[in-house]
Amino acid sequence: MGLFNVNASLYADLNLVFQISILILLFVGILIARRKRKFKRHGALMGIALTLNTISIVIVMLPSFLSFSGLFADLSTPAAIVITHAVLGVLVEVLGVWLVANWLVRSDNIKGCVGKRNLMRATLLLWSIELFVGIYVYIMLYVPI
Amino acid sequence: MKMIERMKSQQKLLVFSLILILGVAASSLIRPVLADVPTIENIEPWISGTDTILNITIRHASPTGTHYVDRIEVDINGSIEFTTLFPQATVTFIVPYNIGEVIGTPLVSVRAHCTFHGWSGWSEPLLIPEFTVFLLLALAVLPMIAYLLRSKTHRALKNGS
Ligand code: HEM
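Each protein sequence line maps, in turn, to chains A and B. Per our numbering, the first sequence starts with residue 223, numbered consecutively. Per our numbering, the second sequence starts with residue -15, numbered consecutively.
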């Protein structure tokens, strides 16, 4: 039994809360960079968010994805949504690792990071879309009609 | 100076990679059971006219409009039949399945398919009794005969005493 939904598992509900918290953490990281101009702290927060996200993918979402043997037998709308979610999730993860790793390689060179501002914005946009697709996957799986 | 900065950065990258790898390795040890494959809880045969109907009780957690048991397969002595289902509103539900007139005592087993998590395992094979009209009549008449006999002996005993 989940936290807000009797249908959902505790893992699913915790993951939902966790994912929303990670996105809030990302926005806090952005505020720190924009308003306070503390770029190192911004980078560290993004690294933490990325690590937490990776852990949540490995613990909850990947095993769940691999258990969907019935879904891919017929590539209907639910399957398409889940596959989009997985592909977008991997893309966000790769972009995130690329950005954080780049900063870590040359953490003194803030200018190099500033040059990647558009990529950061795109990653944040994709991450937010990904969260909404994830919430939709949750609704498909656990919210009765 | 630059050399020291670069070494520090490389150290940080190493630590970040290590945390990421350790996080992934540690979390992959925890395997939450999320798979929500349906289970066949019970199969109850009953008779309607000359046909045998199986009341199949299925359990499938978290039914929704997209996540539900959409198909069941019934194996009757090796020959497989199926039926499709609409989304369910309850976790446990009964599907009546007509296997027609039974000749002999076939073995029946059932499995159910979830739109997300795929097939359940086959249920334990169940021996279906042959409910012929003669057998049914006998089953209905036998208790009546027993009752009549019992009241007759009861009366005889009473008269004797
Ligand atoms: C930035 C990356 C991601 C975000 C923000 C995200 C977000 C979410 C959210 C909010 C949920 C609903 C909570 C839940 O049901 O557990 C969810 C579910 C799910 N996600 Fe993700 N996700 C991401 C990456 C991925 C990846 C890479 C995969 C594929 C391997 C994936 C597969 C799934 C699956 C299968 C579920 C359903 C889990 C369940 O059984 O409850 N997600 N995701």
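Ideal Cβ placement from N, Cα and C applies to all residues, glycine included.
Own chain partners of residue i with C-beta closer than 6 Å, once the 5 adjacent residues on each side are dropped
i	result
Gly102 of chain B	none
Pro47 of chain B	Gln72
Chain-order list of residues whose beta-carbon lies under 8 Å from that of residue i (same chain, five-residue window excluded)
i	result
Phe354 of chain A	none
Glu315 of chain A	Leu272, Asn275, Thr276 and Ile279
Glu85 of chain B	Thr34, Asp35 and Thr36
Residue-level contact to chain B via CB, residue i, 7 Å cutoff
i	result
Phe290 of chain A	yes
Leu247 of chain A	no
Asp235 of chain A	no
Asn275 of chain A	no
Val309 of chain A	no
Gly269 of chain A	yes
Tyr358 of chain A	no
Val314 of chain A	no
Thr324 of chain A	Just to set this straight, residue 324 of chain A is Asn in the shown sequence, not Thr. With 7 Å as the cut-off, Asn324 of chain A does not count as an interface residue toward chain B.
Leu225 of chain A	no
Contacting residues, own chain, Cβ-Cβ under 7 Å from residue i (five flanking each side not counted)
i	result
Ile40 of chain B	Ile24, Ile27, Ile56, Ile78, Val79, Tyr81 and Val94
Ile356 of chain A	It should be pointed out that residue 356 of chain A corresponds to Gly in this sequence rather than to Ile. Answer for Gly356 of chain A: Gln241 and His307, listed in chain order.
Tyr233 of chain A	Val282
Residue-chain proximity (residue i, chain A), Cβ-Cβ < 7 Å
i	result
Leu4 of chain B	yes
His138 of chain B	no
Thr41 of chain B	no
Thr48 of chain B	yes
Glu(-11) of chain B	yes
Gly102 of chain B	yes
His44 of chain B	no
Phe0 of chain B	yes
Selection from the options that minimises the alpha carbon distance to residue i
i	options	result
Leu363 of chain A	A:Met268, A:Ser289 and A:Leu247	A:Ser289
Ala154 of chain B	B:Gln72, B:Trp30, B:Met(-9) and B:Val(-1)	This structure leaves residue 154 of chain B out entirely; chain B is present only between -15 and 145.
Ala266 of chain A	B:Phe70, B:Leu126 and B:Ile3	B:Ile3
Glu(-11) of chain B	A:Leu346, A:Trp349 and A:Trp325	A:Trp325
* Completely contained alpha helix (DSSP H) runs for the region 278 to 306 of chain A, where each covers 4 or more residues -> Taking only runs of at least 4 residues, the alpha helix (DSSP H) segments lying wholly in the region 278 to 306 of chain A are 284 to 288.
* Asked: Going along the chain, which unbroken runs of the beta strand (DSSP E) with 3 or more residues stay wholly within the region 88 to 124 of chain B?
  -> Within the region 88 to 124 of chain B, the runs of beta strand (DSSP E) at least 3 residues long that lie entirely inside it are, in chain order, 91 to 98.
* Runs of beta strand (DSSP E) wholly within the region 247 to 274 of chain A (minimum 3 residues, chain order) -> Look at the region 247 to 274 of chain A and you find no whole run of beta strand (DSSP E) that is 3 residues long or longer.
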